[in-house]
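Novice: Position one of the sequence shown corresponds to residue 1 (my numbering), numbered consecutively onward.
C-beta: ideal position from N, C-alpha, C; glycine also.
One structure is given below, represented as structure tokens, and several questions about it will come after.
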Amino acid sequence: MSALVVTGTDTGAGKTLVTAAIAAALRARGMSIGVAKPAETGCPRRADGLYPEDAATLAAAAAVWSPASPASPVSSAAAPVARAAASGIDDDTATVEPLDAVCPYRFPDPLAPMLAAARVGTTIDVDALVRTLTARAVAVDILLIEGAGGVLVPLTPAATYADLARMLDAPVLLVVGSRLGAINHALLSLEALRTRAVRVLGYVVNRLAPAGDLAVDTNTDLLRGLTADRFLGELPHLTDVAETLRALRAGGAAAHAARTRLAALASAHIGLDALVAAAHRRA
Ligand SMILES: Nc1ncnc2c1ncn2[C@@H]1O[C@H](COP(=O)(O)OP(=O)(O)O)[C@@H](O)[C@H]1O
Ligand SMILES: [Mg+2]
1 MSALVVTGTD TGAGKTLVTA AIAAALRARG MSIGVAKPAE TGCPRRADGL
51 YPEDAATLAA AAAVWSPASP ASPVSSAAAP VARAAASGID DDTATVEPLD
101 AVCPYRFPDP LAPMLAAARV GTTIDVDALV RTLTARAVAV DILLIEGAGG
151 VLVPLTPAAT YADLARMLDA PVLLVVGSRL GAINHALLSL EALRTRAVRV
201 LGYVVNRLAP AGDLAVDTNT DLLRGLTADR FLGELPHLTD VAETLRALRA
251 GGAAAHAART RLAALASAHI GLDALVAAAH RRA
């Protein structure tokens with residue numbers, strides 16, 4: 001059992017892409033993967049409710065959910081394989097979880113979860129989140145938890161994502177969205193985690209611009225020289241991120257191809273062995 005909180009230097013840093021790629025790669029290695037997006041904001045309203053796109057992306061990457069799976073909680077009486085078959089997932093050992101379990105808090109406004117919750121007259125119960133995430137982590141080899149925005153984004157007036165990681169006793173993986181300004185954001189994030197006694201598993205640099213961008217071309221070496229934190233890899237700039245993630249969520253053969261592509265991407269560019277070893281090491 002282990003949980004890993006994936007945070008970023010900012011919103012749009014590449015947390016969902018990196019988390020999805022890691023989930024797909026570890027899944028392809030035969031590990032049982034859980035995914036969570038505890039709070040998602042900016043969810044569009046659909047006929048069946050607020051749609052958490054990040055949560056759906058992660059669940060599809062880990063093959064724990066497909067669009068054909070039931071929206072309501074799956075009967076615990078059904079065996080996982082039967083449930084997977086019923087959901088249309090073409091993977092014998094896939095388990096199916098309702099999106100509600102992956103993303104218990106969904107809000108329409110694209111704001112920090114604390115404020116997005118307040119604007120619909122509710123609050124986030126962080127203690128309850130910690131209990132359910134801990135229980136879910138026990139059931140899998142690794143539970144990948146995507147934050148929202150960056151480390152100090154508030155879930156409540158008293159709890160940020162850094163606090164959530166500490167309460168879960170989970171290490172944090174920082175996704176550095178590489179662009180001009182990323183060095184400052186990365187060093188601030190790492191320092192904030194350290195001063196709050198959160199274990200930093202390492203960081204992955206995600207190239208948000210194509211080669212030829214001077215900042216992006218130099219950020220990784222500069223960051224590696226300035227911090228002793230573990231560098232776990234660098235994802236190249238890709239021209240088809242949106243299409244790949246959309247294909248993943250669509251299900252079927254296209255999703256299978258997208259999952260394969262993401263798994264190959266993570267295997268080629270992220271130090272997965274070091275990541276898994278560090279995630280399972282107790283503090
Ligand atoms: N490696 C990359 N190459 C090209 N575009 C990227 C890359 N990573 C992220 N993006 C772009 O940035 C957007 C935000 O990425 P996402 O993973 O959703 O960030 P976050 O989850 O941190 O908000 C993606 O939809 C994509 O358009
Ligand atoms: Mg995201």
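Does DSSP put residue 39 in a helix, a strand or coil?
Specialist: Note: residue 39 maps to strand in three-state DSSP.
Novice: Around the Cβ of residue 269, are there at least 16 other Cβ atoms within 10 angstroms (buried) or fewer (exposed)?
Specialist: Buried, by the Cβ-count rule.
Novice: Using CA coordinates, which residue listed in 117, 217, 166 is at the minimum distance from residue 201?
Specialist: Checked all of 117, 217, 166; the closest Cα to residue 201 is 166.
Novice: Can at least three beta-carbon pairs, one atom from the region 147-158 and one from the region 110-126, be found at a separation below 8 Å?
Specialist: Yes, the region 147-158 is in contact with the region 110-126.
Novice: With a cut-off of 8 Å, do at least 3 Cβ pairs link the region 229-248 to the region 202-209?
Specialist: With a cut-off of 8 Å, the region 202-209 and the region 229-248 count as touching, because enough Cβ pairs lie within range.
Novice: Can you give the Cα-Cα distance for residue 106 and residue 218, rounded to whole angstroms?
Specialist: When rounded, the distance between both Cα atoms is 37 Å.
Novice: Count the other CB atoms, across all protein chains shown, that sit within 10 Å of the CB of residue 19; report buried if there are 16 or more and exposed otherwise.
Specialist: The residue in question, residue 19, is buried, as its Cβ has 16 or more Cβ neighbours within 10 Å.
Novice: Identify which residue in 211, 118, 193, 55 has its Cα closest to the Cα of residue 34.
Specialist: Residue 55 is the option with its Cα nearest to residue 34.
Novice: Leaving aside the five residues before and after residue 196 along the sequence, list all residues of the same chain whose C-beta is less than 7 Å from its C-beta, in chain order.
Specialist: Taken in chain order, the residues that qualify are 162, 166.
Novice: Kindly give me the distance between the Cβ atoms of residue 175 and residue 15, rounded to whole angstroms, as I take these residues to be in contact under 8 Å.
Specialist: The pair is a contact, with the Cβ atoms about 5 Å apart (cut-off 8 Å).
Novice: So, residue 246 versus residue 215, is the Cβ gap smaller than 8 Å?
Specialist: The answer is no: Cβ separation not under 8 Å.
Novice: Can you give the beta carbon distance from residue 262 to residue 21, rounded, assuming they're within the 8 Å contact cut?
Specialist: Right, their Cβ atoms sit about 4 Å apart.
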